[in-house]
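**Q**
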Amino acid sequence: MKTTFKAMFVLALAVALNTDLQAQGIKMPQASSSQTITQEFGLGKITLSYSRPNVKGRKIFGGLEPYGSVWRTGANSATVISFTEPVKVGGKELAAGDYGLFTIPGENEWTVIFNKGAKQWGAYEYKEADDVLRIKVKATKIKEKVETFTIQFANVQTSSAQLQLMWENTALSVDMTTEVDATVMASIDQAMKGEKKPYFQAAQYYYANNKDAKQALEWATAADAGNTKAPWIKLLKGRLQLKTGDKAGALKTATEGLQIATEIKNPEYIRLHTELMSQAKK
Numbered sequence: 072m073k074t075t076f077k078a079m080f081v082l083a084l085a086v087a088l089n090t091d092l093q094a095q096g097i098k099m100p101q102a103s104s105s106q107t108i109t110q111e112f113g114l115g116k117i118t119l120s121y122s123r124p125n126v127k128g129r130k131i132f133g134g135l136e137p138y139g140s141v142w143r144t145g146a147n148s149a150t151v152i153s154f155t156e157p158v159k160v161g162g163k164e165l166a167a168g169d170y171g172l173f174t175i176p177g178e179n180e181w182t183v184i185f186n187k188g189a190k191q192w193g194a195y196e197y198k199e200a201d202d203v204l205r206i207k208v209k210a211t212k213i214k215e216k217v218e219t220f221t222i223q224f225a226n227v228q229t230s231s232a233q234l235q236l237m238w239e240n241t242a243l244s245v246d247m248t249t250e251v252d253a254t255v256m257a258s259i260d261q262a263m264k265g266e267k268k269p270y271f272q273a274a275q276y277y278y279a280n281n282k283d284a285k286q287a288l289e290w291a292t293a294a295d296a297g298n299t300k301a302p303w304i305k306l307l308k309g310r311l312q313l314k315t316g317d318k319a320g321a322l323k324t325a326t327e328g329l330q331i332a333t334e335i336k337n338p339e340y341i342r343l344h345t346e347l348m349s350q351a352k353k
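So the sequence shown is numbered by the numbering used here: it starts at 72 and just counts up by one.
#1: Note down, in chain order, each residue of its chain lying with its Cβ closer than 8 angstroms to the Cβ of residue 350, except the 5 sequence neighbours on either side.
#2: By a C-beta neighbour count over all protein chains shown, 10 Å radius and 16 as the cutoff for buried, is residue 279 buried or exposed?
#3: Would you be able to state if there are at least three C-beta pairs under 8 angstroms between the region 156-163 and the region 230-247?
#4: Around the C-beta of residue 352, are 16 or more other C-beta atoms found within 10 angstroms, so that it is buried, or is it exposed?
#5: From which residue to which residue does the beta strand (DSSP E) around residue 195 run?
#6: Does residue 338 pass the burial test, meaning 16 or more other C-beta atoms within 10 Å, or should it be called exposed?
#7: Where in the region 256-344 do unbroken runs of the alpha helix (DSSP H), each at least 4 residues long, occur, reported from the N-terminal end onward?
#8: What are the boundary residues of the beta strand (DSSP E) that includes residue 121?
#9: Does the region 106-122 come close enough to the region 140-149 to have 3 or more Cβ pairs within less than 8 angstroms?
#10: Relative to the alpha-carbon of residue 129, which residue among 216, 333 and 197 has its alpha-carbon at the smallest distance?
#11: Report all residues from its chain with a CB closer than 8 angstroms to the CB of residue 341; omit the five preceding and five following residues, and keep chain order.
#12: Are there 16 or more other CB atoms within 10 angstroms of the CB of residue 270, so buried, or fewer, so exposed?
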């Protein structure tokens, strides 16, 4: 009851102060700025909304934010993270949905929590019973102080990424993965049965993910036959020729691609085809 009352009081006070300032026609920046970021991940998206407090000369972890206590992972309203597709966090399954992102800071290890209570002020109404997932993450010390609390996505690959938290001289990284390959491969197989076959896209996926290079080359060759003036198709075809050991073919394709890129005055593809030609000549 005391916790609920405190939460209601704090929220009411914040609303009252904001309403009063608006009534007086005063515009003021928030003490902790808010940020919403969206990251494409696998076949879906992750959206994160949080408020970013500053250090302001204070001792943060083990001080302002005590070790062993649940933290809203930001300021103001609890941090919210949303997934449009299921993912694995720290190797554990997490369904698509909206979650409150809470943490329990520790000197050497943190607990990262995904909770059903996505909409609440602070962590005053946090309930452990609503936890969907908890994982332990090692905390690291960093030399350069991070003044403004920062959450970011890093090392984003096709099926893996890291959610990084940094503030003061502490940082931690949460590993996330998603299953996309089986879905994409099934969709390619199905699309190839249709009348309009996605030769270029299929070859591109195979090349980028180290699939059957000979099959990818067949598709790239078919794509090139359908659009002989596309330097990006020439580049993919040439790279696949080089990958399958056909240096002479790669050199010929790269030369054709360079000519097209020069004609349309595209410096990026001029550079890429020139690089491919050099590789094919080795």
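Cβ coordinates follow ideal geometry from the N, Cα and C atoms, glycine included.
**A** In short:
#1: 313 and 321
#2: exposed
#3: yes
#4: exposed
#5: Careful: residue 195 lies outside any beta strand (DSSP E) and carries neither H nor E.
#6: exposed
#7: 270-279, 284-297, 302-314 and 318-334
#8: 115-123
#9: yes
#10: 216
#11: 329, 332 and 333
#12: buried
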